[in-house]
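2 protein chains.
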Amino acid sequence: MEIKAKFWIENKGEVVLGGGKTALLGAVDRLGSIQAAADEFGMSYRHAWGAIKKIEQRAGFKIVDTKLGGKEGGGARLTQQGKAFVDRVDSLLSDLSRMVEKRFKQKSGKCSLL
Amino acid sequence: MEIKAKFWIENKGEVVLGGGKTALLGAVDRLGSIQAAADEFGMSYRHAWGAIKKIEQRAGFKIVDTKLGGKEGGGARLTQQGKAFVDRVDSLLSDLSRMVEKRFKQKSGKCSLL
DNA sequence: ATACGATATGCTAAAAAAAGCATATTGTCA
DNA sequence: TGACAATATGCTTTTTTTAGCATATCGTAT
């Protein structure tokens, strides 16, 4: 058997940001648009946009800086604050995953039922 | 903001046992019946029974020992193996929760965005 | 002016998970 | 034998989550 874990950040009891979405936000910044990031994750623009909107609303500050119109139709990337936030959450989450896995192995080694 | 975590055990990619259900199984053993345990958790007998059935099926061994008929209609409690399993999972899970909380506090102390 | 590509949203539909309803079965005891 | 309390299941309904469709807006380059 294996252990599985899921982590997320909440603010005032509402979900702000979990594992899957940090990757999406990272892609937005890397690719320069929500559209491209959504494509990369195989999700609709509509869904990605809605998710980002909810994250910002619950976090209480702007995370994605979007511009619209122009030659390429517009674009998006992370605000300075947003980038710092995503980076920290991402690092925290992967850190925690590692800890959990390690701890599980310690315990399961001593128990045939795990 | 706060960190939240959820842990569960899987077997061959299927969910076996998570946080909420260890408590249910504990109650079954303590109270001597699935019905009483379900009541305590405010869930239907149907739901509790189904959950237990699924857990056993996925774990691959018998966890609850039920008897039916008789003066009190029947009853249930954990098998020896089931009890050992639940105890270990329960202890692992609360252990992990504590670790996560602790780690989060360490990290968040250094960062205004968390 | 017009076309283009991306953001910005409302609304609908489909899929998954949880809850609830109904009913049969079982074994002791009065 | 009949009542009782709990197990054992099938089915239906509700709720929640997720996905998809349609459309308006915006600003540069042609």
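Here the protein sequences come in this chain order: A and B.
All residue numbers for the first sequence refer to numbering that gives the first Met the number 0, where the first residue is 0 and numbers rise by one.
All residue numbers for the second sequence refer to numbering that gives the first Met the number 0, where the first residue is 0 and numbers rise by one.
C-beta: ideal position from N, C-alpha, C; glycine also.
Under 7 Å between C-beta atoms, does residue i make it to chain B?
i, result
"Leu112 of chain A", "yes"
"Arg57 of chain A", "no"
"Arg197 of chain A", "Any question about residue 197 of chain A goes unanswered here, given that chain A covers just 0 to 113."
"Ala4 of chain A", "yes"
"Arg87 of chain A", "yes"
"Leu91 of chain A", "yes"
"Ile33 of chain A", "no"
"Lys109 of chain A", "no"
"Lys106 of chain A", "yes"
Any Cβ of chain A within less than 7 Å of the Cβ of residue i?
i, result
"Val99 of chain B", "yes"
"Arg29 of chain B", "no"
"Lys70 of chain B", "no"
"Ile62 of chain B", "no"
"Leu95 of chain B", "yes"
"Ile8 of chain B", "yes"
"Glu13 of chain B", "no"
"Lys20 of chain B", "no"
"Met0 of chain B", "yes"
"Lys66 of chain B", "no"
"Phe40 of chain B", "no"
Pop quiz: residue i and residue j are said to be a contact at Cβ under 8 Å. What is the actual Cβ separation, rounded to whole angstroms?
i, j, result
"Arg76 of chain B", "Val27 of chain B", "7 Å"
"Gly18 of chain A", "Leu91 of chain A", "Not really, about 10 Å apart at Cβ, beyond 8 Å."
"Asp4 of chain A", "Phe6 of chain B", "For the record, residue 4 of chain A in the displayed sequence is Ala; it is not Asp. Going by Cβ atoms, the distance from Ala4 of chain A to Phe6 of chain B rounds to 5 Å, so yes, they are a contact pair."
"Lys11 of chain A", "Ile54 of chain A", "Not quite, the Cβ-Cβ distance comes to about 14 Å (not below 8 Å), so this is no contact."
"Lys106 of chain A", "Leu113 of chain A", "7 Å"
Quick check: residue i and residue j, are their CB atoms within less than 7 Å of each other?
i, j, result
"Ile8 of chain B", "Met0 of chain A", "yes"
"Val88 of chain A", "Leu30 of chain A", "no"
"Lys82 of chain A", "Gly73 of chain A", "no"
Going along the chain, which residues of its own chain have a beta-carbon closer than 8 Å to the beta-carbon of residue i, five neighbours each way excluded?
i, result
"Gly25 of chain A", "Val85 and Asp89"
"Glu13 of chain B", "Arg57"
With a CB to CB cut of under 6 Å and the five nearest residues on each side skipped, what residues in its chain are close to residue i?
i, result
"Ser32 of chain A", "Gly74 and Ala75"
"Gly69 of chain A", "none"
Might you give, ordered along the chain, the residues of its own chain that have their beta carbon closer than 7 Å to the beta carbon of residue i, omitting 5 neighbours on each side?
i, result
"Tyr44 of chain B", "Ile33, Gln34 and Ala37"
"Glu71 of chain A", "none"
* So, do the stretch 59-67 of chain A and the stretch 90-104 of chain A have three or more beta carbon pairs nearer to each other than 8 Å? -> no
* To do: State whether the stretch 23-38 of chain B contacts the stretch 48-56 of chain B, with contact taken as three or more CB pairs (one from each stretch) at a distance under 8 Å.
  => yes
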